[in-house]
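Asks: Right, I'll just put the structure down here and ask away after.
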Amino acid sequence: TPMKWAITATMAVIIALQAGAMILGSFHIGQWKLVVMHQIINEGGGQAQMLGFGFLLLYAIPVCWVSSLLVTYVAPHAGGSGIPEIKAFLNGINMPGAFTFRAWFCRSIGLVFVTSAGLFAGTEGPFAHIGGIVGSWFADGPACLGLSCRWPPVLTGHRNRCELVSQGCAIGVAAGFGAPVGGILFSLEEASTYW
-9 TPMKWAITAT
1 MAVIIALQAG
11 AMILGSFHIG
21 QWKLVVMHQI
31 INEGGGQAQM
41 LGFGFLLLYA
51 IPVCWVSSLL
61 VTYVAPHAGG
71 SGIPEIKAFL
81 NGINMPGAFT
91 FRAWFCRSIG
101 LVFVTSAGLF
111 AGTEGPFAHI
121 GGIVGSWFAD
131 GPACLGLSCR
141 WPPVLTGHRN
151 RCELVSQGCA
161 IGVAAGFGAP
171 VGGILFSLEE
181 ASTYW
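Per the numbering used here: the sequence shown = residues -9 to 185.
Here it is as structure tokens:
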């Protein structure tokens, strides 16, 4: 239906803006770290390289600690890749807490922190999960000034929720890697069982 196309296009814009902001944020933090480290090395004496390394550690340890606290105490579903949560939901398993604002917030902040700290963390799974979370939000219908507004009956139900989560997963991977066909193939091959 035309309304599904409009919802999909809106989801794509929101997920792409978020993925772009996260990638650019991590990049700019990484660039800032390198500039500061080079200043420390150029201005330092005999122990300049150790001071530069110490600066990198002084950045990495606190942001990784914050990320781990967010995952441990705020949203446990924000840990890991996020692909198991998508696969489990699309196969009919109820995952309370996997598609909430808390999981989205912790996954978004944690991914920027971990990648900017220089840890070996892939972004494919987290972007798929973030896209699935946004798709799940769209399946709930619009929020109308605190009132419970719902989509028309043709856009409700478990099947449509699974479609929107699967679309969000594909859009998240596509936005994160700039590969729209790759996002669709990822969603079909890895996340979805039935299509």
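Built from N, CA and C at the ideal position, the CB exists for glycine as well.
1) Does the beta-carbon of C139, which I'm using as the reference point, lie nearer than 7 angstroms to any heavy atom of the ligand COA?
2) Write down the C-beta distance between F89 and S126 rounded to the nearest angstrom, noting that I regard them as a contact closer than 8 angstroms.
3) For N150, which residues in the same chain have their Cβ closer than 7 angstroms to its Cβ, ignoring the five residues on either side in sequence?
4) Would the beta-carbon of A68 fall within 8 angstroms of that of G36?
5) Quick one: grab the DSSP three-state call for N32.
6) Return the chain-ordered list of same chain residues with a C-beta closer than 8 angstroms to the C-beta of M85, the five sequence neighbours on each side being excluded.
7) Excluding the five sequence neighbours on either side, which residues of its own chain have a C-beta within less than 7 angstroms of the C-beta of V56, listed in chain order?
8) Under a Cβ-count criterion, where at least 16 other Cβ atoms within 10 Å of its own Cβ denotes burial, should M1 be classed as buried or exposed?
9) In terms of alpha-carbon separation, which member of M40, L14, A164 lies closest to G122?
10) Mark I51 as exposed unless 16 or more other C-beta atoms lie within 10 angstroms of its C-beta, in which case mark it buried.
11) Roughly how many angstroms lie between the CA atoms of V53 and F167, to the nearest whole one?
12) Out of I(-3), A118, S58, A169, point me to the one whose CA is closest to C96's CA.
13) Which residues in the same chain have their Cβ closer than 6 angstroms to the Cβ of T(-2), if we skip the five residues on either side of it in sequence?
14) Under 8 angstroms, do S106 and G10 count as touching if we go by C-beta distance?
15) Does DSSP put A38 in a helix, in a strand, or in coil?
16) Do I31 and V124 have their beta-carbon atoms positioned less than 8 angstroms apart in this structure?
17) Return the chain-ordered ranges of every alpha helix (DSSP H) run that is complete within the stretch 82 to 129 and spans a minimum of 4 residues.
Replies: Working from what's here:
1) With respect to the ligand COA, the structure shown offers nothing to examine, as it has no ligands at all.
2) 4 angstroms
3) A129
4) no
5) helix
6) H67, E75, A78, F79
7) F103
8) buried
9) A164
10) exposed
11) 24 angstroms
12) S58
13) Q157
14) no
15) helix
16) no
17) 91 to 106
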